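As they're listed, the protein sequences go chains A and B. Just remember that our numbering sits 2 ahead of the position in the first sequence, which is counted from 1. Just remember that our numbering sits 2 ahead of the position in the second sequence, which is counted from 1. Backbone N, C-alpha and C define an ideal beta-carbon position, used for all residues, glycine too. Since this is a predicted model, take the numbers as computed values, not measurements. Encoded as structure tokens, the structure appears first; notes follow it.
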Amino acid sequence: MDVTPKIAIKNLFKIFGPQPKKARTLLEQGLSKEEIFELTETTIGVQNASFEIYAGEIFVIMGLSGSGKSTIVRMLNRLIEPTSGQVFVDNEEITSMNRGQLVQMRRKKMSMVFQSFALMPHMSVLQNAAFGLEMDGIDRKTREERALKALEQVGLEAWAESMPAELSGGMQQRVGLARGLATDPEVLLMDEAFSALDPLIRTEMQDELLRLQARQKRTIVFISHDLDEAMRIGDRIAIMEGGRVVQVGTPEEILQNPADDYVRAFFRGVDPTNILTAGDIALDSQVTIVIADGKSPRAALQRLIKNDRDYGYVVDSERHFKGIVSTDSLREVIERPEVDQTIPNAYLPGAKPAFSGDYMQDILPQVASHPWPLAILDDDGKYLGAISKNLFLRTLHRSEQVENGTLEGPATK
Amino acid sequence: MNIFNFDEQQIPLDEWIQTFVDWLVANYRDIFQIIKAPIEWSLNGLEWLFATLPPWVVILLFAVAAWRFAGKRVTLFTLLTFLLIGYLGLWEDTMTTLSMVICSVVFCAVAGIPLGIMAGRSDRFEMILRPFLDAMQTTPAFVYLVPVVMLFSIGTVSGILATIVFALPPIIRLTSLGIRQVHPELVEAALAFGATNWQVLRKVQFPLAMPSIMAGLNQTIMMALSMVVIAALIGAGGLGNPVVQGLNTLEIGMATVGGLAIVLLAMVLDRITQGIGKK
Numbered sequence: 003m004d005v006t007p008k009i010a011i012k013n014l015f016k017i018f019g020p021q022p023k024k025a026r027t028l029l030e031q032g033l034s035k036e037e038i039f040e041l042t043e044t045t046i047g048v049q050n051a052s053f054e055i056y057a058g059e060i061f062v063i064m065g066l067s068g069s070g071k072s073t074i075v076r077m078l079n080r081l082i083e084p085t086s087g088q089v090f091v092d093n094e095e096i097t098s099m100n101r102g103q104l105v106q107m108r109r110k111k112m113s114m115v116f117q118s119f120a121l122m123p124h125m126s127v128l129q130n131a132a133f134g135l136e137m138d139g140i141d142r143k144t145r146e147e148r149a150l151k152a153l154e155q156v157g158l159e160a161w162a163e164s165m166p167a168e169l170s171g172g173m174q175q176r177v178g179l180a181r182g183l184a185t186d187p188e189v190l191l192m193d194e195a196f197s198a199l200d201p202l203i204r205t206e207m208q209d210e211l212l213r214l215q216a217r218q219k220r221t222i223v224f225i226s227h228d229l230d231e232a233m234r235i236g237d238r239i240a241i242m243e244g245g246r247v248v249q250v251g252t253p254e255e256i257l258q259n260p261a262d263d264y265v266r267a268f269f270r271g272v273d274p275t276n277i278l279t280a281g282d283i284a285l286d287s288q289v290t291i292v293i294a295d296g297k298s299p300r301a302a303l304q305r306l307i308k309n310d311r312d313y314g315y316v317v318d319s320e321r322h323f324k325g326i327v328s329t330d331s332l333r334e335v336i337e338r339p340e341v342d343q344t345i346p347n348a349y350l351p352g353a354k355p356a357f358s359g360d361y362m363q364d365i366l367p368q369v370a371s372h373p374w375p376l377a378i379l380d381d382d383g384k385y386l387g388a389i390s391k392n393l394f395l396r397t398l399h400r401s402e403q404v405e406n407g408t409l410e411g412p413a414t415k
Numbered sequence: 003m004n005i006f007n008f009d010e011q012q013i014p015l016d017e018w019i020q021t022f023v024d025w026l027v028a029n030y031r032d033i034f035q036i037i038k039a040p041i042e043w044s045l046n047g048l049e050w051l052f053a054t055l056p057p058w059v060v061i062l063l064f065a066v067a068a069w070r071f072a073g074k075r076v077t078l079f080t081l082l083t084f085l086l087i088g089y090l091g092l093w094e095d096t097m098t099t100l101s102m103v104i105c106s107v108v109f110c111a112v113a114g115i116p117l118g119i120m121a122g123r124s125d126r127f128e129m130i131l132r133p134f135l136d137a138m139q140t141t142p143a144f145v146y147l148v149p150v151v152m153l154f155s156i157g158t159v160s161g162i163l164a165t166i167v168f169a170l171p172p173i174i175r176l177t178s179l180g181i182r183q184v185h186p187e188l189v190e191a192a193l194a195f196g197a198t199n200w201q202v203l204r205k206v207q208f209p210l211a212m213p214s215i216m217a218g219l220n221q222t223i224m225m226a227l228s229m230v231v232i233a234a235l236i237g238a239g240g241l242g243n244p245v246v247q248g249l250n251t252l253e254i255g256m257a258t259v260g261g262l263a264i265v266l267l268a269m270v271l272d273r274i275t276q277g278i279g280k281k
């Protein structure tokens with residue numbers, strides 16, 4: 003992933019209400035959001051948020067309602083004016099732009115998709131998709147061509163002449179997405195874009211988004227209150243609570259190492275087998291046998307016995323995985339002198355490896371159906387480690403402890 | 003001193019107003035005469051038009067409008083109404099009334115829609131405007147008829163001015179309501195795509211407020227028609243004349259016929275403008 007920050011947020015505050023200055027002072031004195039509201043009728047929307055969003059990633063900002071996530075995303079394009087702090091996009095300071103610059107930035111660089119779709123009911127699907135281009139003063143022919151292309155991307159070109167009210171919710175949000183894509187923005191803000199859709203359609207839309215993202219790497223800031231959604235589409239996630247950004251990290255980092263009880267509580271009921279991959283949990287603690295040494299089955303057997311192990315993982319000199327042998331299979335070769343005394347003859351049939359990107363859920367049948375730990379390879383076919391039944395169950399158990407808040411310290415591999 | 007001494011007048015507001023109006027008339031009558039010029043020109047133009055056009059052309063125009071916007075039944079009703087008015091011998095009066103109504107409604111729309119838009123977009127402006135609108139709608143017309151006559155002289159133009167005062171509020175109120183009823187998310191979405199304030203108004207708020215604005219226009223037309231008789235008291239012509247004359251001379255028949263024509267004309271204009279609003 004590209005590591006230049008596309009969007010940088012620095013010490014961003016949003017305070018709503020009659021006495022923002024006083025609220026700020028009270029906040030610095032350590033009063034809680036609730037106490038401040040009691041005293042001043044002033045709400046701390048977002049407090050001291052700082053993070054960076056990289057080019058080409060899907061960055062999910064997650065939190066419950068009232069956590070300030072929708073406020074933060076609206077401060078990126080200044081639909082809500084920050085009380086203090088800075089927002090940079092490509093090192094340009096959004097927060098210091100004048101009206102005209104801001105309008106240009108919204109037209110060319112950053113578009114938005116809304117939870118309520120917010121389609122113009124008096125305009126056709128095509129006119130809706132062309133809305134941003136129309137605001138930019140692009141002539142009718144050009145903007146309708148570009149809008150039609152955007153509609154093609156979401157599979158709605160046949161509906162161009164329909165009115166939004168004639169479409170289903172899922173289709174309306176596709177129009178919303180097409181409107182966001184038509185201006186070809188570098189940054190796409192999506193405010194709970196799929197939350198109003200029923201679960202099946204939501205998953206479909208998430209896939210659609212991932213498909214579009216695979217083709218034309220935009221920087222997407224996605225607001226969600228749904229952890230499954232965040233885990234599914236987010237490259238990185240920021241978790242917000244009460245206006246604060248509690249933790250920023252990849253889904254795996256956050257799941258394995260939650261910053262506090264609030265984050266932990268979020269993960270209660272999350273199935274870790276959908277999130278953790280084989281590569282996340284595989285341990286390189288099994289005995290490996292390097293085949294290039296010209297080792298005989300007898301030497302391999304010696305090595306297993308010496309290490310008190312039943313299974314050995316055979317790799318070549320570059321750690322490419324070759325197969326699995328067991329003490330029994332090696333003995334069988336040794337006891338039959340008519341067979342070539344080579345290690346490959348002792349490979350266990352059916353010992354197929356899995357890959358580091360496979361989810362725990364996907365490898366469960368393989369782990370369960372064989373007595374030996376499952377070999378895990380990286381994308382180049384190199385041996386990374388293995389997952390035993392024991393390790394698999396321990397990971398599940400640890401996740402449960404995380405959920406219950408009983409686990410001390412970070413989970414270690 | 004008894005602060006509840008209500009037996010005598012303590013505040014001579016009536017005298018102050020009298021003095022103020024006298025002063026206004028004495029010093030600024032010329033200016034008010036200039037103000038009424040554009041109304042006079044528009045009205046004269048319209049009156050000339052309706053007097054010149056042969057009746058069948060006028061009937062045809064209204065029938066076509068009814069056909070396009072309001073359907074068969076309204077078309078038939080429109081034809082019958084105009085024929086009846088003709089046969090009752092009220093054609094000329096009706097054309098004068100039409101000119102007056104159209105003229106006042108046009109001025110109401112020209113002033114009222116922008117004011118309504120401003121009120122719709124600014125709570126403060128709406129707050130300032132509201133008491134004036136309340137006063138315009140509830141002050142009995144007789145109260146302002148005399149000062150209007152003093153400033154603008156007797157005649158149809160004064161009648162139109164009185165009509166505008168009374169008929170202006172609904173179009174302002176309903177335009178403001180229409181703008182306010184536009185979902186805030188739509189305005190937010192437009193802004194997010196780089197719309198300027200003007201673009202938000204022109205592309206989003208105004209088109210979406212259109213049905214409400216049309217309802218306001220319809221109400222303004224109805225109220226303008228209801229002022230026809232009162233306008234006749236200060237020398238405006240039209241269908242108010244037979245009513246006023248009939249009342250003065252106790253010719254109930256004449257007054258009723260004039261009233262009937264006003265009601266039928268109101269129904270025709272109402273159905274056609276409602277049809278336009280729905281389109």
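- For residue 145(A), the CB contacts under 7 Å within the same chain, skipping 5 residues up- and downstream, are 132, 135 and 136 in chain order.
- Where residue 387(A) is concerned, the enclosing beta strand (DSSP E) starts and stops at 385-389.
- An exposed status is given to residue 252(B), since fewer than 16 other beta-carbon atoms sit within 10 Å of its beta-carbon.
- Here residue 277(A) carries a coil assignment [DSSP, helix/strand/coil].
- Residue 243(A) and residue 396(A) have their C-alpha atoms roughly 30 Å apart.
- As summarised for the stretch 34-110 of chain A, the continuous beta strand (DSSP E) elements at least 3 residues long and confined to that stretch are 45-56, 60-64 and 86-91, given in chain order.
- Each of 264(B), 281(B) and 43(B) was checked against the Cα of residue 215(B), and the nearest Cα belongs to 281(B).
- By the Cβ-count criterion, residue 16(B) is exposed, with fewer than 16 other Cβ atoms from all chains shown falling within 10 Å of its own Cβ.
- Cβ neighbours of residue 381(A) within its own chain (closer than 8 Å, five residues either side excluded): 357, 358 and 359.
- Contact of residue 372(A) with chain B is not assigned, every C-beta pair being separated by 7 Å or more.
- Under DSSP, residue 315(A) shares a beta bridge with 290(A) and 326(A).
- Taking a C-beta distance under 7 Å as the contact criterion, residue 54(B) and residue 64(B) do not qualify as a contact pair.
- Taking a cut-off of 8 Å for Cβ pairs, the stretch 145-154 of chain B and the stretch 162-177 of chain B touch, as three or more such pairs fall below it.
- Close to chain A, meaning a Cβ-Cβ distance shorter than 7 Å, are the following residues of the stretch 168-193 of chain B: 187, 188, 190, 191 and 193.
- In the three-state DSSP reduction, residue 256(A) falls in the helix class (H, G or I).
- Secondary structure at residue 30(B): helix, using DSSP grouped into helix, strand and coil.
- 7 Å or more divides the Cβ of residue 41(B) from the Cβ of residue 115(B).
- Of all residues in the stretch 125-148 of chain A, the ones placed with a Cβ closer than 8 Å to any Cβ belonging to chain B are 133, 134, 136, 137 and 138, in chain order.
- Under the Cβ criterion of 7 Å, residue 195(B) is counted among the residues facing chain A.
- With the criterion set as a beta carbon lying under 7 Å from some beta carbon of chain B, the members of the stretch 58-80 of chain A are 79, in sequence order.
- A check of alpha carbon separations from residue 115(A) across 337(A), 385(A) and 189(A) identifies 189(A) as the nearest.
- Within chain B, the residues whose beta carbon sits less than 8 Å from that of residue 113(A) are 194 and 195, listed in sequence order.
- Residue contact with chain A for residue 116(B): absent (no Cβ-Cβ distance below 7 Å to any residue of chain A).
- In this structure the stretch 286-296 of chain A does not lie against the stretch 259-266 of chain A, because fewer than three pairs of beta carbons, one per stretch, are closer than 8 Å.
- Note on geometry: alpha-carbon atoms of residue 99(B) and residue 207(B) lie some 34 Å from one another.
- The continuous alpha helix (DSSP H) containing residue 366(A) extends over residues 362-371.
- In terms of CA proximity to residue 73(A), 245(A) leads the group 245(A), 182(A) and 237(A).
- About 5 Å separates the Cβ atoms of residue 299(A) and residue 335(A), confirming a contact at the 8 Å cut-off.
- Rounded to the nearest angstrom, the Cβ distance from residue 111(B) to residue 173(B) is 6 Å, consistent with a contact under 8 Å.
- The C-beta of residue 203(B) comes no closer than 7 Å to any C-beta of chain A.
- In summary, the residues of the stretch 208-228 of chain B whose CB is separated from some CB of chain A by less than 9 Å are 209, 210 and 212, in the order they occur in the chain.
- Look at residue 116(A): its C-beta is under 7 Å from a C-beta on chain B.
- Here the stretch 176-187 of chain B does not lie against the stretch 138-145 of chain B, with fewer than 3 beta-carbon pairs under 8 Å apart.
- Taking 7 Å as the threshold, the shortest C-beta distance from residue 109(A) to chain B falls below it.
- Minimum Cα-Cα distance from residue 367(A) among the listed residues 280(A), 337(A) and 143(A) corresponds to 280(A).
- At a cut-off of 7 Å, the C-beta of residue 316(A) has no neighbouring C-beta in chain B.
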